[in-house]
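Asker: Handing you this structure, nothing more for now.
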C-alpha cells in the first residue's frame, strides 16, 4: 500500500529543452506532494510543496519559473524543468501525504525518483 | 532554522556487532524526528518515528532533547541492514529536513 510512482525513471535531454516529470499516488489520494532534488552523495533537498488545486510553495532559492509544479488532481503532480541546463542534472524525487484513510496521514511516501541528465 | 546532522558518511560493522547511527538536530520548536532507510536500488522508506516509540527490524531510536539527538541503534547487525540511513526532522507544514545520510555496511 501507499505506492507512489514517478515517470520517467530516467531522462536525457538537450540543453534548452523542457522536461516534465510525473508523480502519481497509485492507491491513495495525495492531499500534499513534495518535490526534492538530490545531488550525488548528498542529501535530499526540498524544492517545493504542492497542495491539490493550489499554487506550489517553493523553498528559498528555488526558481519557480524554472521548476513549474502542477498538482491538478489528488493523484497527480508534475514537475516541469524549463529550459534545462547541465547544472539541472540531478535526481528528482517526489513524495506524497494523505489526509487519512488506510494510510498514516503524517507520513511521506516516496516515489522511486527520476534521474535527469541534461547534455 | 532547522538542521539535521549525521556526522558519519559511512559506518562499517561486522555481522552481529551493535550498531549506532548518530543524528543530531537543531530546531526551535518541539521536534518530530524520523529515520528513513534506502536499500540498494529501492526508494526511500520510513523506518521509524520517535513518537511511535517502536522497534522496527530490531532498530530503536530515542529522542534525547537535552542532547538534541535521535541516534538509531540495533544490538546485533544483520547483513540485510546494509543500506543508506537518513535522519529527518519534521517542521511546519509537514516539511522534512534530511540529514546527509549514513551508509551502513554490515560485513560478514
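Protein chains in written order, with my numbering: chain Z, 9 to 127; chain U, 53 to 160. The beta carbon of each residue, even a glycine, is placed where N, CA and C say it ideally should be. Please read all numbers here as calculations on a predicted model, not as lab measurements.
#1: Within a Cβ cutoff of 7 Å, which residues of the same chain sit near residue 123/U, ignoring the five residues on either side of it in sequence?
#2: Can you give the Cα-Cα distance for residue 118/Z and residue 25/Z, rounded to whole angstroms?
#3: Rounded to whole angstroms, how far is the Cβ of residue 128/U from the Cβ of residue 68/U, which I believe are closer than 8 Å?
#4: Between the Cα of residue 80/U and the Cα atoms of 135/U, 125/U, 117/U, which residue gives the shortest distance?
#5: Following the continuous beta strand (DSSP E) through residue 28/Z, name the residue where it begins and the one where it ends.
#6: Go ahead and pull the three-state DSSP assignment for residue 79/Z.
#7: Between the alpha carbons of residue 114/Z and residue 39/Z, how many angstroms are there, rounded?
#8: Cα separation between residue 53/U and residue 28/Z?
#9: Closest by CA to residue 31/Z, which one among 21/Z, 60/Z, 23/Z?
#10: Residue 103/U: buried (16+ other C-beta within 10 angstroms of its C-beta) or exposed?
#11: Starting from the Cα of residue 153/U, find the closest Cα among 146/U, 82/U, 147/U, 141/U and give me that residue.
#12: Does the distance from the CB of residue 70/U to the CB of residue 126/U come in under 8 Å?
#13: Who are the neighbours of residue 96/Z on chain U, taking C-beta pairs under 9 Å?
#14: If you compare alpha carbons, which of 122/Z, 52/Z, 66/Z is closest to residue 58/Z?
#15: Return yes when the Cβ of residue 14/Z is within less than 8 Å of the Cβ of residue 120/Z, no when it is not.
#16: Consult DSSP for residue 95/Z and reduce its assignment to one of helix, strand or coil.
#17: Going by C-alpha distance, which of 71/Z, 69/Z, 98/Z is nearest residue 52/Z?
#18: Whole beta strand (DSSP E) runs in the region 103-150 of chain U with 3 or more residues, listed along the chain?
#19: So which of 62/U, 160/U, 147/U, 155/U has the shortest CA-CA distance to residue 55/U?
#20: Give me the residue from 98/U, 107/U, 88/U with the minimum Cα distance to residue 138/U.
#21: Throw me the rounded Cβ distance for the residue 79/Z and residue 55/Z pair, which I believe falls under 8 Å.
#22: If we define contact as Cβ-Cβ less than 8 Å, is residue 116/Z a contact residue for chain U?
#23: Note down, in chain order, every chain Z residue with its Cβ under 8 Å from the Cβ of residue 138/U.
Answerer: Looking at the coordinates:
#1: 72, 73, 74, 75, 113, listed in sequence order.
#2: Straight-line measurement puts the Cα of residue 25/Z at about 27 Å from the Cα of residue 118/Z.
#3: Contact check for residue 128/U and residue 68/U: beta-carbon distance about 5 Å, within the 8 Å limit, so the pair qualifies.
#4: Of 135/U, 125/U, 117/U, the residue nearest in Cα terms is 117/U.
#5: If you look at residue 28/Z, you'll find it in the beta strand (DSSP E) that goes 27-33.
#6: The DSSP-derived three-state label of residue 79/Z is strand.
#7: So the alpha carbons of these two residues sit roughly 11 Å apart.
#8: Per the coordinates, the alpha-carbon of residue 53/U lies some 31 Å from the alpha-carbon of residue 28/Z.
#9: Comparing Cα positions, the closest option is 60/Z.
#10: Exposed is the call here.
#11: Taking only the C-alpha atoms, the option nearest residue 153/U is 141/U.
#12: Cβ distance < 8 Å, so residue 70/U and residue 126/U count as in contact.
#13: The contacting residues do not exist; residue 96/Z stays about 20 Å from chain U at best.
#14: Comparing Cα positions, the closest option is 66/Z.
#15: Yes, the Cβ-Cβ distance between residue 120/Z and residue 14/Z is below 8 Å.
#16: Of the three classes helix, strand and coil, the one that applies to residue 95/Z here is helix, per DSSP.
#17: Considering only alpha carbons, the answer is 98/Z.
#18: Taken in chain order, the complete beta strand (DSSP E) segments of 3 residues or longer contained in the region 103-150 of chain U are 124-126, 135-142, 148-150.
#19: The residue with the shortest Cα to Cα distance from residue 55/U is 147/U.
#20: Checking every option, the nearest Cα to that of residue 138/U belongs to 88/U.
#21: 13 Å between Cβ atoms; not a contact.
#22: Yes, residue 116/Z lies at the interface with chain U (some Cβ there is under 8 Å from its Cβ).
#23: Per Cβ cutoff of 8 Å: 51, 52.
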